[in-house]
Amino acid sequence: MKRDIGDLALFGGRPAFLNPLYVGSPNQIDRTRLFDRLNWALDNNWLSNGGPIALEFEGRIAELAGVRNCVSTCNATVALQLLCQAAELRGEVIMPSLTFVATAHAVRWVGLDPVFVDVDPRTGQLDPALVAEAIGPATSAIIGVHLWGRPSPVDALEKVAADHGLPLFFDAAHAVGCTSGGRSVGGFGSAEVFSFHATKVVNGFEGGAIVTNDDAFAQRLRALHNFGTGLVAGSPSGGTNGKMNEASAAMALTSLDAFECSVARNRDNFTHYEEELGTVPGLRVVPHDPGETYNYQYVIVEIDQAATGIGRDLVIELLRAENVVAKPYFSPPCHELEPYRSRGDFRLPHTERLAASVLALPTGTSVSRESIRRVCDVVRLAVSRGADVTFRQQHTKG
Ligand code: T4K
């Protein structure tokens, strides 16, 4: 138990953890099932190119998302690129800046210009009214992001998109198994993209998927992710290799088998964080709506520097010294990174404030109740003695 700021490892105390505690540690899986699937693939000599394990995974994801089509991919970044190419987008794409840089880079990689729009200051989700204002003659699509697994305002964004005749897509990298208005993420807009990266609640080592109810679009995506094979009229972008291989599919399926357990553990962890930190002045655990379903993959905490006297970056530094690798998801925001910073003059005050004040804390099946208690001890001490901690750190540095 850390009682005084001298107990903090940054100031010479003993670190709270011997080994690093990560945000994004892969969740536990049943290794026997994984190895059985891998052996089956090896025995059958079929390792990629729409193999039976990838097809089974696609069926399971389509079912979970409540959609007709799922095209599995090698990762979500390539899936986003495929979306843009399949929809033959040109010019500008409206999106939030408060997201992992993959959302913007995917769009830029295929020659489009991201136009960043500000977010709701409480939820961090794209603000539909500002999206409507940002639409111009060069706008070709809107990409919403279900940030931290909390869904975008899908109905309002669908209305804006429909009013302007624009396609709407969602980067749902964080939101597999989540709902909005009781409806599963996956069926919103024209298509949505999931990530099955090692750090995600469903993990295929690397992996992604595009889900859609548009059969013709799915067919086009399937062709484009396999070098354009089967497109009678071809495609201006040719095609790429975006396929999910059988090893990733085997891992992803095995991880999906454990989905309910992983989510239950994440939910318990989230509750423990709320119990530990929910009443700390100047600190907010970004909540979940009790009426919806979530995967609870991201525990996000916002620190009010003016109220506490301590900034988010110093809290991360303190935790790092304790062997807790908290993540500033997502900072800097995309518009402050190249190549976007020098391409546009974006003023996004809510994005900038949130990007400077939020951090993600460790969760997942490898994080115990006791670990959460110790992480929260550090956070609580740092925030409740914020001005003293800041002074001590400046003094130590000087
Ligand atoms: N859209 C959004 C909104 C996204 O968040 C992402 C990816 C994408 C699109 C693109 O999806 P993919 O193309 O990746 O499918 C990580 C992930 O690499 C990235 O997938 C994820 N979002 C992003 C939020 O997090 P980094 O730069 O934070 O990765 P890194 O190496 O610092 O790892 C994160 C933490 O996970 C570390 O603290 C260590 C831990 N870790 C990581 C790996 C790979 C492990 O414990 N074991 C592992 O195997 O990006």
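For the sequence shown, position 70 matches number 99 in this note's numbering, and the numbering has no gaps at all.
Using N, Cα and C, we set each Cβ at its ideal position, and we do this for glycine too.
Taken in chain order, the complete beta strand (DSSP E) segments of 3 or more residues contained in the segment 56-130 are 98-102, 121-125. By the criterion of at least three beta-carbon pairs nearer than 8 angstroms, the segment 302-311 is not in contact with the segment 125-134. Taking the CA atoms as reference points, L343 sits about 9 angstroms from Q422. Taking C-beta separations shorter than 6 angstroms and ignoring five residues to either side along the sequence, the partners of G236 in its chain run F225, M273, S277, A281, following chain order.
Distances between the C-beta of F129 and the heavy atoms of the ligand T4K include at least one below 7 angstroms.
Comparing alpha-carbon positions, the option among E121, A167, E275, I171 lying closest to P157 turns out to be I171. Here the alpha carbons of A116 and A252 stand approximately 13 angstroms from one another. In this structure, DSSP gives I332 an extended state, which the three-state scheme calls strand.
In terms of Cα proximity to G153, the closest of V144, H175, R409 is H175. Remark: the shortest separation between the CB of A350 and any heavy atom of the ligand T4K does not fall under 7 angstroms. In the structure shown, P357 adopts coil according to DSSP, grouped into three states.
If only complete runs of 4 or more residues are kept, the segment 123-176 shows the alpha helix (DSSP H) at 130-138, 157-163, in order along the chain. One alpha carbon belongs to S219, the other to R296, and they sit about 30 angstroms apart. With respect to the C-alpha of G140, the residue from G257, T241, L118 having the closest C-alpha is L118. Under the DSSP assignment, V387 falls in the beta strand (DSSP E) whose first and last residues are 387-390. In this structure, I401 keeps its C-beta atom at 8 angstroms or more from the C-beta atom of N324.
By the neighbour-count criterion, in which a residue is buried when 16 or more other Cβ atoms sit within 10 angstroms of its Cβ, T425 is exposed. Within the model, the alpha-carbon separation for L39 versus I332 is close to 19 angstroms.
In this structure, the alpha-carbon of A70 lies about 14 angstroms from that of T61. Looking from the CA of A45, the closest CA among C363, A385, V354 belongs to V354. Along the segment 193-259, the alpha helix (DSSP H) occurs as fully enclosed runs of 4 or more residues at 244-253, listed in sequence order.
Looking from the CA of T168, the closest CA among M124, D184, A201 belongs to M124.
A335 has its alpha-carbon roughly 48 angstroms from the corresponding atom of A279. In this structure, R370 and H364 form a Cβ contact; the two beta carbons are roughly 7 angstroms apart against a cut-off of 8 angstroms. The three-state secondary structure of V396, taken from DSSP, is coil. Judged by DSSP in its simplified three-state form, R421 adopts helix.
F145 is classed as buried because its beta carbon has at least 16 other beta carbons within 10 Å across all chains shown. Not a single heavy atom of the ligand T4K lies less than 7 angstroms from the C-beta of S101.
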